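Novice: The structure follows.
2 protein chains.
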Amino acid sequence: MSLVVLSGGLDSTVCMALASRDAGPLVALSFDYGQRHRVELGAAAGVASWYRAEHLVVALDLTGWGGSALTDSSIDVPPPSSSGEIPVTYVPARNLIFLSVAMGVAEARGADAVYLGVNALDYSGYPDCRPEFVAAFQAAADLALKRGVEGHPVEVRTPLVAMGKADIVRLGLDLGAPLDLTWSCYRGGDSPCGTCDSCVLRAAAFAAADTPDPALPH
Amino acid sequence: MSLVVLSGGLDSTVCMALASRDAGPLVALSFDYGQRHRVELGAAAGVASWYRAEHLVVALDLTGWGGSALTDSSIDVPPPSSSGEIPVTYVPARNLIFLSVAMGVAEARGADAVYLGVNALDYSGYPDCRPEFVAAFQAAADLALKRGVEGHPVEVRTPLVAMGKADIVRLGLDLGAPLDLTWSCYRGGDSPCGTCDSCVLRAAAFAAADTPDPALPH
C-alpha cells in the first residue's frame, strides 16, 4: 500500500498514476490549510475517486501565521518571476509539515511508501522541493518513526523530481491520468486565471507537449 | 523571540522557564491532536499566561489514523513497562509533525529558536525524543526553510535532553517555574491517575528531588 500527497494539481495527479501502476492500493492525503485556491481540494477528491483511493483531508490552518501569498489574502499573488528568489507564494515549512503528517498517516495505516510530486527542475524557487531536502527529511523520519527504528522504513518517493513539466504532462497522458480533473491555479476563482506562476507553467507544459489542456474549455 | 512547544507538562514548562530567562519574549505553541488527556491544553494555557506568552493552539486531528493509546480510546493506557520496547503510547511521527509545524510558525513569526522539552535519558522508548533525531531534523529543516537557505536558520533547542526527571524538577524550582500549573497524566480524568507511565515518572522525579508535587492536593 502507498500514500500519495495529493493537491489535485498536475504533478500530484501524475504521481497517483505512477503509484497506482507500481505500488497500489492507494491512500490519497490532501491538506486543507487555508489556501486561497481551496478549489484544488475538489479536484483532489475527483482524482482520488478516479483511482478508487481512500481520500483523507487533514485540516491544518496555516492562515493565522501569515507570511505567504497562498494563505494571506492581503498579499497579492504575483505574476511569474524569473529572479531566482524564493517567491511570495512560498509557505513556511509547507512540505516539511506535509511530509511529516504523511509519514505519520503512512505508518498508522501500514503504507510502505509516500509519494510526493515535487519537481526540482522548474521548482519556482521553493527550497522544500529540492532533492537534498527530501533526502535529509528521509534521514530524519527514519530516526523518528517506529518503522524506521525497526528496520523497515517508510520510503519517500519523488519520481518527478528530475522531470520538466512537459515530460510530466506526457507521462500523465501515457498513463491515462485524469488530467481533465486537475487544478493548478493559485488564485481561487471559478476558472484558472491564466496569469499566475502556476497557470503559466501549466500552459507552457501543455504547449511543449503539443496537446491541449483537457481542463480548459475548448 | 523564541517559540516553545508547550504541552503543559513538566518538561515543556521547564523549557518555558529556560527560554524566558535566556531567549524571550516567547510564543507558546500547543497541539490539540485528539489526545485523550486534552486537559493538558488547559495547563498549557495557564503556563503560557504565567509567562505572558502568546499562546497558539494548532488543531490537528490525529485520531482518525489510529495506532496509539494516546489518541485511540479503544487501546488501554498501560501501566509502566521497562521492556525497552516502543510503548503503545507512541504516536506515529508526533514530534516530527510538532517540530515541523513549530518551524513554520517560528519562521512566519520571526522567532530565532524553537524549544522542545524532549528528554532522552528516561524517554520511555520514544524514538523521536532522541538527540540523533533532533540533529537530523535540524538538517532537514535548514534545507526546507527560507531562513535556513538564507543562512540564518531557526535553531531547535532541546536543553533538557540529557537531564533526568529529578534534575528537571530541581531546575524548574530554581527558575521559579509554575510546576503547580502543569499536567502530566496520560489518562484524561479530573485528577492524575497516579499509575500511568507519565504519573509514575513524575512522582519518582519529585520524590528524588525531595519535594512534594505542588500540582497534587496536599
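Each protein sequence line maps, in turn, to chains A and B. Position 140, counted from 1, in the first sequence is what our numbering calls 140; the numbers after and before it change by one each time, with no gaps. Each number in our numbering corresponds to the 1-based position in the second sequence with 1000 added. Where a beta carbon is used, it is the ideal one built from N, C-alpha and C, also for glycine. Since the model is a prediction, treat every value here as computed from it, not as a measurement.
Which residues of chain B have a Cβ atom closer than 9 angstroms to the Cβ of Phe-31(A), listed in chain order?
Specialist: Reading the first sequence from its first residue, position 31 is the one you call residue 31(A). Under the 9 angstroms cutoff, chain B gives no residues; its nearest Cβ is about 10 angstroms from Phe-31(A).
Novice: Against chain A, does Ser-1007(B) count as a neighbour if the rule is that its beta carbon must be under 7 angstroms from one of theirs?
Specialist: For the purposes of this step, residue 1007(B) is taken as residue 7 along the second sequence, with counting starting at 1. Chain A contact via Cβ: absent.
Novice: How many angstroms separate the CA atom of Ala-1136(B) from the CA atom of Ala-1120(B)?
Specialist: Position 136 of the second sequence, counting from 1, holds the residue named residue 1136(B). Position 120 of the second sequence, counting from 1, holds the residue named residue 1120(B). In a straight line, the C-alpha of Ala-1136(B) is about 15 angstroms away from that of Ala-1120(B).
Novice: Just to confirm the assignment, what range does the beta strand (DSSP E) spanning Asp-1032(B) have?
Specialist: Walking along the second sequence from the start, residue 1032(B) turns up at place 32. Element bounds for Asp-1032(B): 1026-1032.
Novice: Report yes if the C-beta distance between Ala-1106(B) and Ala-1166(B) is below 7 angstroms; otherwise report no.
Specialist: By 1-based counting over the second sequence, the position of residue 1106(B) is 106. By 1-based counting over the second sequence, the position of residue 1166(B) is 166. No, Cβ-Cβ distance for Ala-1106(B) and Ala-1166(B) is not below 7 angstroms.
Novice: State the Cα-Cα distance for the pair Leu-1018(B) and Arg-1170(B), rounded to the nearest angstrom.
Specialist: For this step, residue 1018(B) is matched to residue 18 along the second sequence. For this step, residue 1170(B) is matched to residue 170 along the second sequence. Approximately 13 angstroms between the Cα atoms of the pair.
Novice: Give the single residue among Ala-1108(B), Thr-1182(B), Ser-1184(B) whose Cα lies nearest to the Cα of Met-1001(B).
Specialist: Against the second sequence, residue 1001(B) aligns to sequence position 1. The shortest C-alpha separation from Met-1001(B) is found at Ala-1108(B).
Novice: Check the Cβ of Arg-130(A) against every Cβ in chain B and list those closer than 8 angstroms, keeping chain order.
Specialist: Taking the first residue of the first sequence as position 1, residue 130(A) is located at position 130. Leu-1143, listed in chain order.
Novice: Please list, in chain order, the chain A residues whose beta carbon lies closer than 7 angstroms to that of Asn-1095(B).
Specialist: On the second sequence, residue 1095(B) is found 95 positions in, with the first residue counted as 1. Going along chain A in sequence order, the residues near Asn-1095(B) (Cβ under 7 angstroms) are Ala-144.
Novice: Taking all protein chains shown into account, decide if His-37(A) is buried (16 or more other Cβ within 10 angstroms of its Cβ) or exposed.
Specialist: Working through the first sequence from its first residue, we reach residue 37(A) at position 37. His-37(A) is buried by the Cβ-count criterion.
Novice: Which bits of chain A does Gly-1104(B) rub up against, with CB to CB less than 8 angstroms?
Specialist: In the second sequence, residue 1104(B) corresponds to position 104, counting from 1. What Gly-1104(B) touches in chain A: Leu-62, Trp-65, Val-91, Pro-92, Ala-93, Arg-94, Leu-96, Ile-97.
Novice: Could you check which residue in Val-14(A), Pro-178(A), Val-156(A), Gly-151(A) has the C-alpha nearest to that of Pro-214(A)?
Specialist: Counted from its first residue, the first sequence places residue 214(A) at position 214. That would be Pro-178(A), whose Cα lies nearest to the Cα of Pro-214(A).
Novice: Taking a Cβ distance cut-off of 7 angstroms, strictly less, list which residues of the stretch 1145-1161 of chain B are near chain A, in chain order.
Specialist: Within the stretch 1145-1161 of chain B, the qualifying residues are Leu-1145, Lys-1146, Val-1149.
Novice: Is Ala-203(A) close to chain B? Criterion is C-beta to C-beta, closer than 7 angstroms.
Specialist: In the first sequence, residue 203(A) corresponds to position 203, counting from 1. No, Ala-203(A) lies away from the interface with chain B (no Cβ there is under 7 angstroms from its Cβ).
Novice: Taking the continuous beta strand (DSSP E) assigned at Glu-1054(B), which residues delimit it?
Specialist: Numbered from its first residue, the second sequence carries residue 1054(B) at position 54. Looking at the DSSP string, the run of the beta strand (DSSP E) that includes Glu-1054(B) is 1054-1059.
Novice: Taking the alpha-carbon positions, what's the Leu-116(A) to Gly-172(A) distance?
Specialist: Translated into the one-based positions of the first sequence, residue 116(A) becomes position 116. Translated into the one-based positions of the first sequence, residue 172(A) becomes position 172. If I take the Cα positions, the gap works out to 15 angstroms.
Novice: Indicate the three-state DSSP secondary structure (helix, strand or coil) for Ala-1048(B) in the structure shown.
Specialist: As a working note, residue 1048(B) is residue 48 in the second sequence. Of the three classes helix, strand and coil, the one that applies to Ala-1048(B) here is helix, per DSSP.
Novice: Could you check whether Leu-3(A) and Leu-29(A) sit closer than 7 angstroms to each other, using their CB atoms as the reference points?
Specialist: The residue you call residue 29(A) lines up with position 29 of the first sequence. The residue you call residue 3(A) lines up with position 3 of the first sequence. Contact flag set, yes.
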